[in-house]
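S.K.: Dropping the structure in here first, questions after.
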Amino acid sequence: MPVDFRGQSYAKIKKDCLSKGILFEDPEFPASSKSLYFSKVVNDVTWMRPRVRSIVELGFSPIFSNSNIADFD
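Per the UniProt record's numbering, the sequence shown starts with residue 1, numbered consecutively.
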């Protein structure tokens, strides 16, 4: 069970983001240079987040059982 951090409940955040169809943006760790540096501002940082892809999008066809299994697979 995740522990709440600074009043942030993982279960509530996840439920809210899924119901609204939005990605979570952490107010405790904003996507800005102040999250990376203590005393300087850097404006040439590009904040990116990976795109989650499904197995089907990656070209895999999931198979529960395969009759072509050998003893040494």
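All C-beta atoms, glycine included, are put in the ideal place defined by N, C-alpha and C.
Below 6 Å CB to CB, which residues in the same chain sit around W47 once its five sequence neighbours on both sides are set aside?
M.R.: A31
S.K.: Which residue marks the beginning of the alpha helix (DSSP H) containing I13, and which one marks its end?
M.R.: 10 to 20
S.K.: Which residues in the same chain have their Cβ closer than 7 Å to the Cβ of P2, if we skip the five residues on either side of it in sequence?
M.R.: Y10
S.K.: Judging by CA-CA distance, which residue of I13, G7, L23 is the nearest neighbour of R49?
M.R.: L23
S.K.: Given this structure, state the Cα-to-Cα distance separating G7 from D16, to the nearest angstrom.
M.R.: Approximately 15 Å, taken between the alpha carbons.
S.K.: Apart from the five residues just before and just after V41, which ones in its own chain have a Cβ nearer than 7 Å to its Cβ?
M.R.: S33, listed in sequence order.
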